[in-house]
Structures are given as structure tokens and as C-alpha cells.
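So the sequence lines, in the order shown, correspond to chains A and B.
The number in the numbering used here is simply the position in the first sequence, starting from 1, with 2 added.
The number in the numbering used here is simply the position in the second sequence, starting from 1, with 12 added.
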Amino acid sequence: MEFHFKGGKISLQKELNSLDSFVFDFCSLLDKENIKYVIVSGYVAILFGRSRSSEDIDLIVERISKERFRKLWEVLVKNFECLNTTNAVEAYAEYLLNGVAVRFARMGEFIPNMEFKFPKGELDQWTLQNRQYVEVLERTLPISRMELQITFKLFLGSEKDIEDARFLYRLFRENLDSELFEGFLHKLKIGEKAGYLS
Amino acid sequence: MRAPDINLEELKRFKEENFRERLAFLDKYADWLKRTPNSQWSKQQKNFLK
């Protein structure tokens, strides 16, 4: 695997799989509407070659106004459908503002789907403010900082999550900000799980 | 039919051993990825995810 890790940006060339194309197609619409977001899910491990798929991709999206959401909705529903509701106002007021994600899939499909949600707590806000970027085939995807991606997977703690954490650590351990990484291990109180990384 | 006796401690140990084996194999996979050209591994991934 050839990648360049510099200044918070990772450059990677790869042949896109169907999940990559789904993510890029959806995120390009957010980019066109100047919506700030970050990808935080296991998809990050898949983007970098993990041999598994995922039925959902987690997005934290900046808390936008109802008007901006309605405008975004009109753009999204030309190519994607919301699996929770067909009503933009309901999606915004009943779901997103109540901390519940709405999911979008390609028309007529159910999986994979994008899990679209507003930031819930301070860590979500930090994640959104401290994005890391992956450049793939002249497109850019914002992902959560690798130091958080790995440690949060350990925090979640399922076997799949720990496998993702170990996989990403194995690929990027030489590129991590050690102070930040250790800080997350300490603050998430998962020091004992660090043994799973090597 | 009655269910057989189950040694839960033994099962937990087997589960942990199996998990550790998967992690070890995952290391081999990550190492293979690191030394394999992007065009090659991403083509395999694309075929796998079809």
C-alpha cells in the first residue's frame, strides 16, 4: 500500500469498490452544499483495505438550520431516499434535533445506507472541528483523526471494533501523534485494552 | 432432547483464543496490504465487496 501521510492529509490511490462509490456519491452532494461533516465509522478501515463490508456509514454533520437542511434534502432525494421518513421537516425536527440519525440509501435500496446525524456531545464537536482528510482519486473525504478512530474503536469494544482498531493501528502507527493518541487512551479509560493493538 | 452440559469457562477461553487467532491473522493481512501495490489490493477488495 502506498499512501502519503502529511499535514493531517492522507493521499491514497485505489480502485473504488461499490461501497466507496456510494460514499463518494453521497458526500459529493454534501460538499456541493458546503455542509461540514466527518466520517467516523468502520468505513474508514474499509477505505484503507479492510476485507469486510458495512451496511451503514456513520456521518456527523454540522448542526445546520432547518432552511439549509431543506435545501440539502431537495438535492439528496434526487438520487437517494431517506429510510426513516419522506418528509424533510419531520426528518429535521423529529429525528435530527432529537439526536436521532436519519438514514439515506440509493433509490429502492436499503443497504448500504448513510447514517446522518448531528453532533451529540463535546467529543462529536471535537471530531467535527479536527477532521483529517483522505485524498482518493482527486476527491477528498473528511474522516475523524486516526488517533481517535483507533482509540474509540477500542472504547466501543466489540470484536469487530477491536479488529478495526488493530488493523488501522498496524497501518498507521508510525504516523500517529503520540501525545494525542495517549491522551485518548487515558481519557477514554481504555489503557488496559491497548494490549489488543499489538 | 436434553441439551448437553456446557463448560462456560471453557467456551469463553475458546472464544478468546479464536479472537486472538483472528487478530494475529489480521496482522498478516495488514502486513500484506502494506507491501502490496494499491492497484492489486484494491482490485481484490473490489471483487470481494461486489
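Just so you know, even glycine gets a beta-carbon here, dropped at the ideal spot from N, CA and C.
Remember, predicted model here, so these are calculated numbers, not experimental data.
Can you name, in chain order, every residue of its own chain whose Cβ lies under 8 Å from the Cβ of alanine 196 of chain A, other than the five neighbours on each side?
Closer than 8 Å at Cβ, skipping near neighbours: Leu156, Leu187.
For arginine 105 of chain A: DSSP bridge partner residues:
A:Glu117
Beta-carbon proximity check, arginine 70 of chain A vs aspartate 166 of chain A, cutoff 8 Å
no
Own chain residues within Cβ distance below 8 Å of glutamate 35 of chain A, not counting five before or after:
Arg70, Lys73, Leu74, Val77
Where tryptophan 53 of chain B falls, given that 16 or more other Cβ within 10 Å makes a residue buried
buried
Does the beta carbon of arginine 25 of chain B sit closer than 8 Å to a beta carbon anywhere in chain A?
Chain A contact via Cβ: absent.
DSSP beta-bridge partners for serine 13 of chain A?
A:His6, A:Glu137, per the DSSP bridge assignment.
Neighbourhood of leucine 38 of chain B by C-beta, 6 Å cutoff - its chain only, sequence neighbours within 5 removed:
Cβ contact annotation for leucine 38 of chain B (same chain, cutoff 6 Å, sequence separation greater than five): none.
Please report the residue range of the alpha helix (DSSP H) in which aspartate 179 of chain A lies.
Unbroken run through aspartate 179 of chain A: none, as it is neither H nor E.
Since aspartate 27 of chain A is in the alpha helix (DSSP H), which residue starts that stretch and which ends it?
20 to 34
Please confirm if the region 20 to 38 of chain B is in contact with the region 173 to 193 of chain A, defined as three or more CB-CB distances below 8 Å between the two stretches.
no
Rounded to whole angstroms, what is the Cα-Cα separation between alanine 93 of chain A and arginine 175 of chain A?
39 Å
Helix, strand or coil for leucine 61 of chain A? Go by DSSP, reduced to three states.
strand
Can you give me the C-alpha to C-alpha distance between isoleucine 192 of chain A and phenylalanine 183 of chain A, rounded to a whole angstrom?
Their Cα atoms are separated by approximately 11 Å.
Does the beta-carbon of phenylalanine 154 of chain A have 16 or more other beta-carbons within 10 angstroms, so that it is buried, or is it exposed?
buried
Please report the Cβ distance between alanine 42 of chain B and arginine 172 of chain A, rounded to the nearest whole angstrom; I am assuming they are in contact, meaning their Cβ atoms lie under 8 Å.
4 Å
Are there 16 or more other CB atoms within 10 angstroms of the CB of alanine 107 of chain A, so buried, or fewer, so exposed?
buried
Keeping to the same chain, check which residues put their C-beta closer than 7 Å to that of arginine 65 of chain A; ignore five residues upstream and five downstream.
Phe120, Pro121
In the structure shown, what three-state DSSP assignment does isoleucine 41 of chain A receive?
strand
So leucine 63 of chain B contacts chain A; which residues on that side make the cut at Cβ distance below 7 Å?
Since the first residue shown for chain B is 13 and the last is 62, residue 63 of chain B is missing from the structure and cannot be characterised.
Between the Cα of aspartate 27 of chain A and those of A:Gly9, A:Val79, A:Gly10, spot the shortest distance and give me the residue it belongs to.
Of the residues A:Gly9, A:Val79, A:Gly10, the one whose Cα lies closest to the Cα of aspartate 27 of chain A is A:Val79.
Could you run through the region 61 to 79 of chain A and flag, in chain order, every residue whose CB is less than 8 Å away from some CB of chain B?
none
Arginine 14 of chain B CB to nearest chain A CB: under 8 Å?
Answer no: the Cβ-Cβ gap between arginine 14 of chain B and chain A never drops below 8 Å.
Any residues in the region 169 to 183 of chain A with a beta carbon nearer than 7 Å to a beta carbon of chain B? Which ones, in chain order?
Phe169, Arg172, Leu173
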